[in-house]
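Student:
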Amino acid sequence: MKLPNPVVSCLPGGMRLVHIHQRSAGAGIFGIAVRAGSADERPGEEGLAHFVEHTIFKGTNKRSSWHIINRMEAVGGELNAYTTKEETVVYSIFPSGNAPRAIELIADLAAHSRFPEKELEKEREVVIDEINSYRDTPSEAIYDDFEERALAGSSLAHNILGTPESVRALQSHDCISFLERNYRNGNIVAFYSGPQSEAHISALVERYFHLPSGEKEILQPMTTPEVEKFADKVILDTHQAHALLGIRDAGIFSPKRHAMQLFSNMIGGPGMNSLLNVELRERYGLVYSVEASTAMFSSCGLLTVYFGCDPEDLERCLSLSRKVFLKLADGSLSIRRLEQAKKQYIGQLAIACENRENRIMAAARSTLFRGEAQSIDRTAAEIAAVSLADISALASKMLEASSLVYISKQ
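Shown next, in the form of structure tokens:
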């Protein structure tokens, strides 16, 4: 059965709604995607967007944290949120028939959260523990450290969580100010997937959401200065070496983004047949895992490759990785192999679209940044248009990639 395409509408107050009508669904998904993340923090506010995500559930003008927690869980639903460098998402998944409950609750959180100091004090320790946990996990911390170097000079550079010191300094008025600056109709996309019609959900959003009009205050132009290539090594007390190679390339608005995502999937996607997995793990048994990923922002994007290995195998792994990039850069990739890679990637996207949560959030994010919820057919067509020259160009850039390596003490 063909999946229904997302429908985007603009509500009278200026908020947009992305709606996927699935009449037989036994559960609904509703949430808001706000174009505000760690890149929108002012100096001294590092970690604020993520802290707001944690504490927005701690009390409103009419609800305590206990009432907020139980509002959806009482009917078997759940309430979640996440933060990136450029967006915050608050959403609920719930049994069919509970859309009014979810929409009214999230509207209350967006407009009337009070961030009581007593609750904030407890949550600070939770967030600080999360920060320390990341620092104790080199395979995760290395991404933050790489981005800090690769995106230096822009508001994207600092990590989402902030530091223990910056989080301890955040107060209730900082959280309220962040909401007032960013949680505005023109800066939000509401989204729904489930059995209720677009007209019904639109009416509920209009009924419950009463946010300031207009878009967010622009603190600074979203630009990312060029940085020189770097090859940094950090000495850590760890038994394993960790390496991250990466380049700056296409961002959210670039037509080249599909080539970057396809290339990433080819060299280090989830398939066991990815080129680097075959070379580093299957052929030589040098790594437990190797993965490539993309991170796309308004002003640019990052393409990275990560692996962990025994310290004595580090240089060999780096050399073998370059060998893979060189084969793709010098024209050795055949049209047949490229078409196979496209077929695999498009198939993976089709399977991912079967996950309703992933699909509606991807549609909301696309609408938030590009103003449209692109269909899977159009995405597939744009992936199909990627050329051998596009792949070769990315491989050539990866041969000159910046690198960050965590190595153990000698």
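Counting with this note's numbering, you get residues 32 to 441 for the letters of the sequence shown. Ideal placement from N, C-alpha and C gives every residue a C-beta, glycine not left out.
Helix, strand or coil for residue 71, going by three-state DSSP, please let me know.
Tutor: DSSP places residue 71 in the helix class (H, G or I) of the three-state scheme.
Student: Classify residue 109 as helix, strand or coil using the three-state DSSP reduction.
Tutor: strand
Student: Does the Cβ-Cβ distance between residue 280 and residue 245 come in under 7 Å?
Tutor: no
Student: Check the C-beta distance from residue 260 over to residue 436 and give it rounded, since I have them as a contact under 8 Å.
Tutor: In fact, because the Cβ distance is near 14 Å, the residues do not count as touching under 8 Å.
Student: State the start and end residues of the unbroken beta strand (DSSP E) segment that holds residue 322.
Tutor: 318 to 327
Student: Take residue 302 as the anchor and find which of 374, 345 and 388 has the nearest alpha-carbon.
Tutor: 374
Student: Which residue wins for smallest C-alpha separation from residue 306, given the options 438, 89, 351 and 224?
Tutor: 351
Student: Over what stretch of residues does the beta strand (DSSP E) that includes residue 195 continue unbroken?
Tutor: Taken as a continuous stretch (DSSP letters only), residue 195 belongs to no beta strand (DSSP E), being part of the alpha helix (DSSP H) at 195 to 200.
Student: Taking C-beta to C-beta, are residue 152 and residue 89 nearer than 7 Å?
Tutor: no
Student: State the beta-bridge partners of residue 277 as determined by DSSP.
Tutor: In the DSSP output, where bridge partners are listed per residue, residue 277 has 335 and 433.
Student: Which residues in the same chain as residue 43 place their Cβ atom closer than 8 Å to its Cβ, once the five residues preceding and following it in sequence are excluded?
Tutor: 237.
Student: Mind pulling the beta strand (DSSP E) runs of 3 or more residues that sit fully within the stretch 85 to 150?
Tutor: 109 to 114 and 119 to 126
Student: Hey, which unbroken runs of the alpha helix (DSSP H) at 4 residues or more fall wholly within the stretch 157 to 196?
Tutor: 169 to 181
Student: Rounded to the nearest angstrom, what separates residue 258 and residue 185 at their Cα positions?
Tutor: 11 Å
Student: Considering only residues of the same chain and omitting the five flanking positions on each side of residue 336, which have a CB-CB separation below 6 Å?
Tutor: 276, 299 and 323
Student: To which residues does DSSP link residue 240 through a beta bridge?
Tutor: DSSP output for residue 240 lists no bridge partner at all.
Student: According to the neighbour-count rule (16 or more other Cβ atoms, all chains shown, within 10 Å of its Cβ), is residue 355 buried or exposed?
Tutor: Per the 10 Å Cβ criterion, buried.
Student: For residue 362, would you say it is in contact with chain C, using Cβ-to-Cβ distances shorter than 7 Å as the test?
Tutor: No chain C appears in this structure, which consists of one protein chain only.
Student: Taking 8 Å as the cut-off, does the stretch 186 to 197 touch the stretch 96 to 106 (at least 3 CB pairs, one atom from each stretch)?
Tutor: no
Student: For residue 380, report the span of its alpha helix (DSSP H) as first-last.
Tutor: 366 to 384
Student: Starting from residue 439, follow its DSSP beta bridges and name the residues at the other end.
Tutor: 267
Student: Would you give the residue range spanned by the beta strand (DSSP E) that residue 221 belongs to?
Tutor: 219 to 225
Student: Pick helix, strand or coil for residue 34, following the three-state DSSP scheme.
Tutor: coil
Student: Who does residue 48 pair with in a DSSP beta bridge?
Tutor: 40 and 221
Student: Counting Cβ pairs, one atom from each stretch, are 3 or more of them under 8 Å apart for the stretch 215 to 225 and the stretch 388 to 398?
Tutor: yes
Student: Whole-angstrom Cβ separation of residue 49 and residue 404, contact assumed at under 8 Å?
Tutor: 5 Å
Student: Looking at the structure shown, is residue 82 part of a helix, part of a strand, or coil, going by DSSP?
Tutor: helix
Student: Should residue 119 be labelled buried (16 or more other beta-carbon atoms within 10 Å of its own) or exposed?
Tutor: buried
Student: Sorry if obvious, but does the Cβ on residue 240 come closer than 6 Å to a heavy atom of the ligand ZN?
Tutor: For the structure depicted, the ligand ZN is absent and the ligand set is empty, with no information on it obtainable.
Student: Using DSSP's beta-bridge definition, name the partner residues of residue 65.
Tutor: 119 and 219
Student: Considering only C-alpha positions, which residue in the set 93, 110, 126 and 133 is nearest to residue 144?
Tutor: 93
Student: Report the start-end ranges of each alpha helix (DSSP H) in the stretch 388 to 433 that is 4 residues or longer and not cut off at the edges.
Tutor: 407 to 415 and 419 to 430
Student: Between the stretch 173 to 192 and the stretch 204 to 218, are three or more C-beta pairs nearer than 8 Å?
Tutor: no
Student: Pick from 57, 254 and 429: whose alpha carbon is nearest that of residue 358?
Tutor: 429
Student: Going by the beta-carbon positions, is the gap between residue 192 and residue 78 smaller than 7 Å?
Tutor: yes
Student: Can you tell me which residues form a DSSP beta bridge with residue 59?
Tutor: Among the bridge pairs identified by DSSP, residue 59 is matched with 125.
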